[in-house]
Amino acid sequence: MSRLPVQIRSSAPVRSTCLVIKDLTCRLGNYIQTLLGQNNQKVMDSVTLSVPKNKKFGDLSTNAAMVLAKPLSANPQTIAEKISGHIDQRWPEVCQVDVAKPGFVNFRLKDSFIRQGLSAIIAHGKDYGKNRSGEGKTVNLEYVSSNPTGHLHIGHGRWGVLGDVLASLYAANGYQVVREYYVNDYGSQVKNFVACAASLYLDHFGQSSDYPQDGYPRQTVQKALEAVIEKHGDAFLDDGRKVDTQGLEPAVVGAMVAEIKKTLSSMGVDFDVWFKESSLYAQNHFEKTVQMLQEKGLAYSREGALWFRSQKFGDNKDRVIVRGDGQPTYFASDIMYLLHKASRGFDLLVYILGADHHGYVDRLMATSRALGLEKTRLNIIIGQLVSLIKMGQPLKMSRRKGEIYTLRDLVQEVGRDAVRYFFADSSFDTPMDFDIDLAKQKSNQNPVFYVQYVHARIESILAKLDKRYTLEDVDISAVGLDTQTEREIAKLLLFYPDEVYRGCAGNAPYFLTQYLYGLASQFHYLYNHYRIMDQHAVHWGRLGLVLLLKQVLVNGLGILGIRAPRKM
RNA sequence: GCGCUUGUAGCUCAGCUGGAUAGAGCAACGGACUUCUAAUCCGUAGGUCGGGGGUUCGAAUCCCUCCAAGCGCGCCA
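Residue numbers (the working numbering): 268 to 835.
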């Protein structure tokens, strides 16, 4: 199989920041292993070390004693005492270890340890938060992949943002990342679209023609055609009467793809690879693949068609790959595409599919199994759909008439930052309502502005000082942790790298928006209750903390692809 | 009919590899601008976690069942 010239985005050598929570969890795990004596993965997986919801339970907390109660057949309280003693003696970064009611072990981090952790922000700057957990691994993320026969709808925007942010998260975790868009430029839908375009093309040059009965909305086709005519004129008109569809097809499809690319780019969603389905059919790939499948006993003939044995590998039925008329089905392309991706050597293949395609999961997984790919290599994410709310009412759209509120309309109306924030702020499997009026509001109702406003406020303070202070001016030993607010902020900054890790591991970009919202909330509180500077003096400890916060905010917004404005 | 996803405050959603009093934001109500941007902050109120069973020290979380919503079940892509 031929290889496409795939550029893997080269990133600067990853500077690794230590993950506090992950590191401590790992250490706790080692100790528990010695208590257990034998390997018990189920127990180990249930042990958590996390930030307790209630502040009075300290900085971090573990449920280990309660999980161990059964396998050790001992009182959780007793085990908790034992764990507590161990942590107290052996963990230098910790102080005030307590045991609480059922068997929680709670403890506090030493201020000196927090300060030491914060110094990593100064050392790593814009790389603070990155880690090496994915070093040496490559990941391919494919998302959006909308057919070039229509405009992008709101749902595509959601997949676009989720895919893009997830890709950035993978990159921040040390993976080499390829962002890929699969262009369905092959098959009957495309032919149909081109037939529509050909009809309008004739119209344009004064020939009468019949528009296909079940054709695409004229408006959509017209738009793509205009771009073609502007560029090529009547070049696809033979003898002034007949359309050269061979030539028109790539031009029209190209125009549609260009339009799609432009829309996505306007919301900061850019791809490394635009993979054409048609390229899978070059150089007899299709015939060779079919032959290979038959040789391996994965395909058989029945009723004039060629079937893939997907049921044997977990699908609920076998699927046709070659139709009775000899034409390959869309699924045939899927198989070849999966093979192609695998042959490019990616360690991880992430597919983001819309909920309207979830029927594909089983056959895709079945294909992966049939072709012998490792189970963990394929990660299929199903994203639920988006409905629009305007003036408190759902926006009804008729796609047939072409009167739909497209993604382009949304980006234009709401703006790139708000669109990205809103889409990133929900988990994949929750059907989402997008409230257009809310996203447009420049007020306290809008979380995007709330977070961005932090940056503007900090910039405003910095502008008032005698010189442009940067991270290099921060004296870590002076950074204030005296008030509870300052200490909370410091801890949040310390845990940021853990958040980047978790967001990636859980395929959950919304961890980041939530984290940043929490950070913003702490900052606004600080800002309203404590002075960072006044006419007489600067509170250097606080200014230092604020400079550190600014860096983390910028890094987090960077992963989300949202701007950090200096003025608002 | 079968499958996937969802049902948590008036609204939008976290929490769902079982853990401490179920959390945020918006909306509502009451406060804070001579002071680094009030696009902010503080306070109050708001819940039979869709219903019902079960599993156990403990269930929003796991299992069963019922109800409701969205999507999907082509030799279309």
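Glycine included, each C-beta is placed from N, C-alpha and C at the ideal position.
Backbone CA spacing between residue i and residue j [nearest angstrom]
i: Ala-491; j: Met-523; result: 6 Å
i: Thr-284; j: Asp-700; result: 36 Å
i: Tyr-553; j: Gly-296; result: A small fix is needed here, since residue 553 is Phe in this sequence, not Tyr. Each residue's Cα considered, the two are about 50 Å apart.
i: Gly-507; j: Ser-455; result: 26 Å
i: Gly-612; j: Tyr-672; result: 39 Å
i: Tyr-468; j: Val-510; result: 8 Å
i: Lys-834; j: Ala-730; result: 11 Å
i: Leu-820; j: Leu-783; result: 7 Å
i: Gln-274; j: Arg-644; result: For Gln-274, the pLDDT reaches just 35, beneath the cut-off of 50, and the residue's location in the model is therefore unreliable, although a value from the coordinates is still provided. In a straight line, the C-alpha of Gln-274 is about 20 Å away from that of Arg-644.
i: Thr-416; j: Gly-392; result: 44 Å
i: Arg-399; j: Asn-407; result: 18 Å
i: Leu-303; j: Ala-772; result: 27 Å
i: Lys-458; j: Glu-516; result: 8 Å
i: Glu-562; j: Gln-594; result: 20 Å
i: Gly-811; j: Ser-577; result: 60 Å
i: Ile-527; j: Asp-765; result: 35 Å
i: Gly-325; j: Asn-373; result: 6 Å
i: Arg-630; j: Asp-582; result: 5 Å
i: Ile-728; j: His-796; result: 15 Å
i: Pro-661; j: Gln-708; result: 18 Å
i: Arg-687; j: Asp-505; result: 46 Å
i: Ile-826; j: Asp-601; result: 30 Å
i: Asn-656; j: Thr-301; result: According to the sequence shown, residue 656 is Ile rather than Asn. Distance between the alpha carbons of Ile-656 and Thr-301 is about 55 Å.
i: Arg-276; j: Gly-521; result: Its pLDDT being 39, under 50, Arg-276 is placed unreliably in this model, and the coordinates cannot settle the point.
i: Gly-828; j: Met-333; result: 41 Å
i: Ala-462; j: Thr-512; result: 8 Å
i: Leu-640; j: Lys-289; result: 30 Å
i: Asn-321; j: Glu-755; result: 13 Å
i: Ser-610; j: Gln-550; result: 16 Å
i: Pro-832; j: Pro-714; result: 15 Å
i: Ala-757; j: His-353; result: 26 Å
i: Asp-692; j: Lys-404; result: 27 Å
i: Gln-305; j: Arg-446; result: 43 Å
i: Arg-830; j: Tyr-618; result: 27 Å
Residue of the options minimising C-alpha distance to residue i
i: Lys-584; options: Ser-694, Val-617, Thr-634; result: Thr-634
i: His-791; options: Leu-339, Val-813, Lys-377, Pro-776; result: Val-813
i: Lys-397; options: Phe-762, Thr-780, Gly-591, Arg-735; result: Phe-762
i: Ser-546; options: Lys-608, Arg-586, Ala-622; result: Lys-608
i: Ala-745; options: Asp-582, Asp-601, Val-805, Val-686; result: Val-805
i: Tyr-604; options: Tyr-448, Pro-484, Leu-504, Glu-526; result: Tyr-448
i: Leu-824; options: Asn-451, Leu-738, Leu-748, Phe-716; result: Phe-716
i: Tyr-395; options: Thr-292, Leu-286, Ser-466, Val-310; result: Leu-286
i: Gly-370; options: Tyr-453, Ala-706, Ala-331; result: Ala-331
i: Ala-438; options: Lys-579, Met-632, Asn-822, Gly-500; result: Asn-822
i: Ala-336; options: Ser-412, Val-310, Pro-359; result: Val-310
i: His-838; options: Phe-460, Arg-675, Lys-289; result: The structure shown does not extend to residue 838, since the chain spans only 268 to 835, so no value can be given for it.
i: Arg-425; options: Asp-501, Glu-497, Asn-451, Val-536; result: Val-536
i: Ser-313; options: Ile-299, Lys-322, Phe-778; result: Ile-299
i: Ser-579; options: Asp-696, Leu-638, Pro-319; result: Sequence check: residue 579 is Lys here, not Ser. If we check each option's Cα against that of Lys-579, Leu-638 comes out closest.
i: Thr-780; options: Val-628, Thr-596, Ser-694, Thr-752; result: Ser-694
i: Thr-292; options: Trp-358, Arg-590, Asn-306, Tyr-453; result: Trp-358
i: Tyr-548; options: Thr-596, Gln-305, Arg-830, Leu-316; result: Thr-596
i: Tyr-453; options: Phe-598, Asp-470, Tyr-483; result: Phe-598
Cβ separation of residue i and residue j, assumed to be a contact under 8 Å, to the nearest whole Å
i: Leu-348; j: Val-361; result: Looking at the sequence provided, one finds Glu at residue 348 rather than Leu. Rounded, the Cβ-Cβ distance is 16 Å, inconsistent with contact.
i: Arg-382; j: Ile-743; result: 5 Å
i: Val-488; j: Ala-464; result: 5 Å
i: Trp-574; j: Val-587; result: 6 Å
i: Gln-785; j: Pro-776; result: In the sequence as presented, Gln is not what sits at residue 785; that position holds Gly. With a Cβ gap of about 15 Å, Gly-785 and Pro-776 do not count as contacting.
i: Val-364; j: Ser-351; result: 5 Å
i: Leu-427; j: Leu-531; result: Here residue 427 is Gly; the residue named in the question, Leu, does not match the sequence. Going by Cβ atoms, the distance from Gly-427 to Leu-531 rounds to 6 Å, so yes, they are a contact pair.
i: Asn-646; j: Glu-544; result: No, Asn-646 and Glu-544 are not in contact; Cβ-Cβ is about 21 Å, not under 8 Å.
(Q) Restricting to runs no shorter than 3 residues, where is the beta strand (DSSP E) found entirely within the stretch 623–688? (A) When DSSP assignments are scanned along the stretch 623–688, the uninterrupted stretches of beta strand (DSSP E) that are 3 or more residues long and fall wholly within it turn out to be 645–650, 653–657.
(Q) Please give me, in chain order, every unbroken run of the beta strand (DSSP E) with length at least 3 that falls completely inside the stretch 690–753. (A) Complete beta strand (DSSP E) runs here, min 3: 699–702.
Q) At which residue ranges does the stretch 524–557 contain complete beta strand (DSSP E) runs of 3 or more residues, listed in the order of the chain? A) Correct list: 540–543.
**Q.** Cβ pair count under 8 Å reaching 3, the stretch 714–724 against the stretch 801–821
**A.** Yes, they touch.
**Q.** At least three beta-carbon pairs within less than 8 Å, the stretch 332–345 to the stretch 385–394
**A.** By the C-beta criterion, the stretch 332–345 is judged not to be in contact with the stretch 385–394, since fewer than 3 inter-stretch pairs fall below 8 Å.
Q) Counting pairs of beta carbons, one from the stretch 558–572 and one from the stretch 432–446, are three or more of them closer than 8 Å? A) Not touching, per the Cβ criterion.
(Q) Quick check: the stretch 673–686 against the stretch 792–809, are at least 3 beta-carbon pairs closer than 8 Å? (A) No, the stretch 792–809 is not in contact with the stretch 673–686.
Q.
So, does the stretch 650–657 touch the stretch 620–640, judging by three or more C-beta pairs under 8 Å?
A. Verdict: yes, contact present.
Q. Between the stretch 419–432 and the stretch 795–802, do three or more beta carbon pairs fall short of 8 Å?
A. Between the stretch 419–432 and the stretch 795–802 there are fewer than three inter-stretch CB-CB distances shorter than 8 Å, so the stretches are not counted as touching.
Q: Would you mind listing the alpha helix (DSSP H) stretches within the stretch 571–614 that are 4+ residues and don't spill past its ends, in chain order?
A: List check, alpha helix (DSSP H) in window: 597–610.
Q) What are the uninterrupted segments assigned as alpha helix (DSSP H) that are 4 or more residues long and contained completely in the stretch 396–449, given in chain order? A) Runs found: 421–439.
Q: Report the residue ranges of all beta strand (DSSP E) runs contained in full by the stretch 495–519; include only those spanning at least 3 residues, in chain order.
A: With a minimum length of 3 residues, there is no unbroken run of beta strand (DSSP E) contained wholly in the stretch 495–519.
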